[in-house]
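Visitor:
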Amino acid sequence: MKKIRSYIFFFYFKYLLSFFLIGMTLIWFSQILRILDLKFSISNQLDSIIITTFLVLPNYSNPLLPIIMLITLTSLNYSINNNNEILIFNQYLSENNKKLINIITQLLLILIFFINNEIISPKLYELYKKKELEIRNNFKLGTSKENELHINEELSIFFEGRKKNHFQNVDALIYKDNLFIKSKTADIEFGINSANIIFYDGERIEINTKNQNKTVFKKFSYGINKTNIDNLLYDKDHYNTLELLKSDKKDFINYGHYKIFNYLLVLIIALYAHKIIFINNYYKKSKSKNLFLYLFLLIIYTINSFLIYKLNQESFKPFQYYIINILILLIFVKYLNYRYNDN
Amino acid sequence: MIIKYLLNKYLTAIIISLSTILFIFFVFSLIGNLNSIYNFKSVIILSTISTLQILFYIPLLIFFIITLTFSIILKNNNELIIIMHYLSLKKIIKIFLLIIIFFSFLEINKKIIIDYLEQIKIDKINQKTKYKNIVILKQNNYEKEYILIKRENNDIESLNLYNIKNNKINYSIFSSNLIENKNEIITNEFYELSGNKIKKKYEYKILFSYFDNSFFKNNINYLINSKDIKLDAILIYKFLILALSFNIILITFFEKKYLFFKSYPINFYLFSLFIILYTYTITSYDLNYFQTEFKILSVLFLVFSMVKKFKYD
Numbered sequence: 077m078k079k080i081r082s083y084i085f086f087f088y089f090k091y092l093l094s095f096f097l098i099g100m101t102l103i104w105f106s107q108i109l110r111i112l113d114l115k116f117s118i119s120n121q122l123d124s125i126i127i128t129t130f131l132v133l134p135n136y137s138n139p140l141l142p143i144i145m146l147i148t149l150t151s152l153n154y155s156i157n158n159n160n161e162i163l164i165f166n167q168y169l170s171e172n173n174k175k176l177i178n179i180i181t182q183l184l185l186i187l188i189f190f191i192n193n194e195i196i197s198p199k200l201y202e203l204y205k206k207k208e209l210e211i212r213n214n215f216k217l218g219t220s221k222e223n224e225l226h227i228n229e230e231l232s233i234f235f236e237g238r239k240k241n242h243f244q245n246v247d248a249l250i251y252k253d254n255l256f257i258k259s260k261t262a263d264i265e266f267g268i269n270s271a272n273i274i275f276y277d278g279e280r281i282e283i284n285t286k287n288q289n290k291t292v293f294k295k296f297s298y299g300i301n302k303t304n305i306d307n308l309l310y311d312k313d314h315y316n317t318l319e320l321l322k323s324d325k326k327d328f329i330n331y332g333h334y335k336i337f338n339y340l341l342v343l344i345i346a347l348y349a350h351k352i353i354f355i356n357n358y359y360k361k362s363k364s365k366n367l368f369l370y371l372f373l374l375i376i377y378t379i380n381s382f383l384i385y386k387l388n389q390e391s392f393k394p395f396q397y398y399i400i401n402i403l404i405l406l407i408f409v410k411y412l413n414y415r416y417n418d419n
Numbered sequence: 479m480i481i482k483y484l485l486n487k488y489l490t491a492i493i494i495s496l497s498t499i500l501f502i503f504f505v506f507s508l509i510g511n512l513n514s515i516y517n518f519k520s521v522i523i524l525s526t527i528s529t530l531q532i533l534f535y536i537p538l539l540i541f542f543i544i545t546l547t548f549s550i551i552l553k554n555n556n557e558l559i560i561i562m563h564y565l566s567l568k569k570i571i572k573i574f575l576l577i578i579i580f581f582s583f584l585e586i587n588k589k590i591i592i593d594y595l596e597q598i599k600i601d602k603i604n605q606k607t608k609y610k611n612i613v614i615l616k617q618n619n620y621e622k623e624y625i626l627i628k629r630e631n632n633d634i635e636s637l638n639l640y641n642i643k644n645n646k647i648n649y650s651i652f653s654s655n656l657i658e659n660k661n662e663i664i665t666n667e668f669y670e671l672s673g674n675k676i677k678k679k680y681e682y683k684i685l686f687s688y689f690d691n692s693f694f695k696n697n698i699n700y701l702i703n704s705k706d707i708k709l710d711a712i713l714i715y716k717f718l719i720l721a722l723s724f725n726i727i728l729i730t731f732f733e734k735k736y737l738f739f740k741s742y743p744i745n746f747y748l749f750s751l752f753i754i755l756y757t758y759t760i761t762s763y764d765l766n767y768f769q770t771e772f773k774i775l776s777v778l779f780l781v782f783s784m785v786k787k788f789k790y791d
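Taken in sequence, the protein lines are chains A and B.
Going letter by letter, the first sequence gives residues 77 to 419 in the numbering used here.
Going letter by letter, the second sequence gives residues 479 to 791 in the numbering used here.
1. I'd like to confirm the pairing. Which residues does DSSP put opposite A/Ser94 in its beta bridges?
2. Of the residues that make up the region 250 to 262 of chain A, which ones have a beta carbon closer than 8 Å to any beta carbon in chain B?
3. Taking 8 Å as the CB-CB limit, is B/Phe732 close to chain A?
4. Between which two residues does the alpha helix (DSSP H) carrying A/Gln244 extend?
5. Can you name the residues that DSSP bridges to A/Gly299?
6. Under DSSP, the beta strand (DSSP E) around B/Ile684 begins and ends at which residues?
7. Against B/Val613, what residues of chain A qualify as contacts under a CB-to-CB distance less than 8 Å, listed in chain order?
8. Can you pull the chain B neighbours of A/Lys290, defined as C-beta to C-beta under 7 Å?
9. What span of residues does the beta strand (DSSP E) with A/Asn254 cover, start to end?
10. Between A/Asn135 and A/Leu200, which are expected to be in contact by the criterion C-beta below 8 Å, what is the C-beta distance as a whole number of angstroms?
11. What residue range is occupied by the uninterrupted beta strand (DSSP E) comprising B/Tyr640?
12. I think A/Leu131 touches A/Leu203, with their Cβ atoms under 8 Å apart; what is that distance to the nearest whole Å?
13. Output the distance between the C-alpha atoms of A/Asn401 and A/His333, rounded to the nearest integer angstrom.
14. In three-state terms, what does DSSP make of B/Ile707?
15. Counting only Cβ pairs nearer than 8 Å, list the residues of chain A close to B/Thr498.
16. B/Ile696 touches chain A at which residues, Cβ-Cβ below 8 Å?
17. Please determine, among B/Asp633, B/Thr761 and B/Ile561, the residue with the shortest C-alpha to C-alpha distance to B/Tyr609.
18. Less than 8 Å separating the beta-carbons of A/Lys206 and A/His350?
19. Spell out whether any CB of chain B is found under 8 Å from the CB atom of A/Tyr411.
20. Would B/Val777 count as contacting chain A if we go by Cβ distances under 8 Å?
21. Given that A/Pro139 touches chain B, what residues does it touch there, using C-beta distances under 8 Å?
22. Exposed or buried, which one is A/Thr285 when buried takes at least 16 other CB atoms within 10 Å?
23. Please confirm if A/Ile402 has its CB atom under 8 Å from at least one CB of chain B.
24. What is the DSSP secondary structure of A/Ser323, counted as helix, strand or coil?
25. Please name the residue in A/Asn356, A/Phe165, A/Leu406 and A/Leu347 whose C-alpha comes closest to that of A/Phe372.
26. DSSP three-state call for A/Asp123: helix, strand or coil?
27. Check whether the region 592 to 605 of chain B touches the region 720 to 731 of chain B, taking contact to mean three or more Cβ pairs, one atom from each stretch, closer than 8 Å.
28. Residues in its own chain within less than 6 Å of B/Ser776 by CB, not counting five upstream and five downstream?
29. Does the separation of the CB atoms of A/Tyr168 and A/Ile80 fall below 8 Å?
30. Of the residues B/Tyr715, B/Phe518 and B/Leu751, which one's Cα is nearest the Cα of B/Glu771?
31. Would A/Tyr385 pass as an interface residue toward chain B - the criterion being a Cβ-Cβ separation below 8 Å?
32. Under 8 Å between C-beta atoms, does B/Ser654 make it to chain A?
33. Quick check on B/Thr526: does DSSP put it in helix, strand or coil?
34. Given this structure, state the Cα-to-Cα distance separating A/Asp311 from A/Asn330, to the nearest angstrom.
35. Can you list, in chain order, the residues of its chain with a C-beta nearer than 8 Å to that of A/Asn380? Leave out the 5 residues immediately preceding and following it.
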């Protein structure tokens with residue numbers, strides 16, 4: 077009996093960890109590649125981007141836990157049904173035993189979730205924000221596309237490629253002075269609050285109502301001030317649920333309500349976990365039913381997001397938010413009862 | 479028969495994996511967009527576009543997850559052992575070749591797709607936001623033209639035109655005396671710089687013929703008449719690296735040493751993750767020195783990894 081308990085316990089957490097890692101890896105990779113997309117001057121910043129984006133993962137994991145839990149439970153059920161282990165479990169485990177296993181696993185999971193949600197993720201998020209700010213301020217110069225660099229309606233650089241960190245065959249437009257520069261190569265040098273673009277071997281045309289001239293140059297430097305450096309702003313992810321609810325900002329309080337809703341959703345799924353794992357649905361259309369379950373969860377999330385949106389717009393009051401959400405959660409519970417009680 | 483069965487199962491794996499990934503990313507994007515100032519319908523559209531964007535950032539990882547789901551489906555019913563009894567690794571690669579080419583193509587062109595989605599997003603949220611200064615880039619095989627248009631209170635204030643031919647500034651025009659007529663920007667007074675001579679001219683000239691106010695929605699507008707399809711060495715190199723990486727990942731799933739495992743061991747995941755990271759790194763970065771040697775070595779490494787896997791199977 078003990079072996080079966082630890083077997084289920086082990087497999088539940090193995091599945092949970094696998095899906096969790098897959099989900100987080102997807103998000104982590106997409107975040108790294110998104111930042112790497114702006115790949116100017118960052119060739120030596122790859123490690124800091126990897127570390128920085130890693131710090132935000134605990135924060136991303138919180139809203140995804142109910143989904144990951146549901147995917148884990150249905151997959152575990154699918155697996156033990158396919159291997160016919162379900163027959164052995166149902167034969168050797170009483171209903172109370174299943175409940176006991178469930179209580180232990182889910183309590184452990186909720187405890188980890190709670191600690192992450194309230195302590196770990198706000199602390200790591202603050203660290204993440206500081207590091208992200210350093211990277212972002214380095215990028216603040218502008219957005220890059222392939223072979224182009226644009227600095228908010230101030231300067232646009234078009235080039236054919238890069239060799240040894242030099243832009244090759246450069247065309248540059250400086251909007252303010254109606255200046256056009258054509259040069260063989262160009263470099264960018266970054267300072268703390270400014271940057272210099274140095275053009276080599278080229279010509280420069282200034283043509284406007286005041287000046288009309290053309291100059292050939294060996295070296296020409298153009299300076300840009302980073303006027304809009306970002307400062308660290310505290311957002312809602314910096315705080316735990318209690319701090320959010322005590323906040324004087326409307327959207328922070330609403331995010332606190334959202335976190336409470338997320339706890340309720342995790343709790344409901346946790347209460348039904350043993351029923352989802354141990355249901356014998358080999359002959360039933362489990363795939364389509366599971367798909368419906370995921371769809372149900374997606375609808376719950378969308379409705380909840382709509383309610384938060386309405387709360388932010390002040391067209392709803394918190395008690396209305398809770399009443400509607402509790403009604404939705406009751407329908408969800410009713411569905412889980414209907415699906416998993418008639419075994 | 480087996481091939482059809484395999485492809486059917488792969489399609490199931492694609493549906494399961496993609497719907498799950500889209501679900502996770504959608505919720506993730508939706509929460510992120512909730513504080514935005516747009517209406518809820520726009521929030522949903524923005525979240526959907528962001529979801530697709532995240533998906534297109536990581537085709538290699540998506541391929542890995544789809545193939546993982548596919549192999550788990552087959553492993554659960556012990557079908558993988560039977561299939562591997564009848565099919566060699568070479569045949570499996572042949573079956574999935576089209577899928578591999580499709581994902582390699584997606585990985586190479588992901589930036590275009592992501593930019594296109596970004597543009598839709600900008601159009602959706604920035605309908606009223608218009609730039610004050612815009613650049614129109616006209617290009618064909620022989621010449622390039624940059625047109626800088628500045629606006630003040632909804633009127634065109636000035637226009638600068640720079641014509642580039644044979645990699646040199648051919649001529650340049652500036653005018654602040656402009657008339658907007660239908661789709662044309664016309665002037666009667668302008669400066670022209672040709673060679674080293676600057677002249678002020680008083681004559682009728684159409685400076686731009688396809689003007690549309692929607693140009694002010696984007697900072698840079700492109701009017702490219704002919705595009706050379708560049709099948710250059712870099713593109714071939716990228717395709718080679720990606721095709722090899724996709725193949726290695728696929729082969730790893732069907733390796734005999736993992737065939738009898740109920741689930742894949744940790745070293746399998748570590749190896750796959752290493753190949754994914756390796757591929758992203760070597761396709762993203764250029765070296766200052768020994769660039770060609772580095773590229774040849776990176777291809778060789780993948781070729782040897784693949785040969786090794788074939789040999790041991």
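Ideal placement from N, C-alpha and C gives every residue a C-beta, glycine not left out.
All figures in this text were calculated on a predicted structure; none of them were measured in a lab.
Guide: Result, derived from the coordinates:
1. Answer is none; A/Ser94 lacks a bridge partner.
2. Listed by position along the chain: Tyr251, Asn254, Phe256 and Lys258.
3. no
4. Run containing A/Gln244: none in the alpha helix (DSSP H); it sits in the beta strand (DSSP E), His242 to Ile250.
5. A/Asn272
6. Lys683 to Phe686
7. Within 8 Å Cβ-Cβ: Ser232 and Leu249.
8. Leu671 and Asn674
9. Boundaries for A/Asn254: no beta strand (DSSP E) harbours it, and the DSSP string shows neither H nor E there.
10. With 8 Å as the limit, A/Asn135 and A/Leu200 qualify as a contact, their Cβ atoms being about 7 Å apart.
11. The continuous beta strand (DSSP E) containing B/Tyr640 extends over residues Asp633 to Lys643.
12. 5 Å
13. Going from the Cα of A/Asn401 to the Cα of A/His333 covers about 11 Å.
14. Confidence in B/Ile707 is poor, its pLDDT being 49 and thus under 50, which makes the residue's placement too unreliable to answer from.
15. Those within 8 Å of B/Thr498 in chain A are Ile147 and Tyr370.
16. Note that residue 696 of chain B is Asn in the sequence shown here, rather than Ile. Going along chain A, no residue has its Cβ under 8 Å from B/Asn696, so there is no contact; the nearest lies around 11 Å.
17. B/Asp633
18. At a Cβ-Cβ threshold of 8 Å, A/Lys206 and A/His350 do not count as neighbours.
19. no
20. no
21. Val505, Phe506 and Ile509
22. exposed
23. no
24. Three-state DSSP puts A/Ser323 in coil, outside helix and strand.
25. The shortest C-alpha separation from A/Phe372 is found at A/Leu406.
26. helix
27. no
28. Ile760
29. yes
30. B/Tyr715
31. yes
32. yes
33. helix
34. 13 Å
35. The beta carbon of A/Asn380 sits closer than 8 Å to those of Tyr334, Phe337, Asn401 and Ile404, all from its chain and outside the five residues before and after it, given in chain order.
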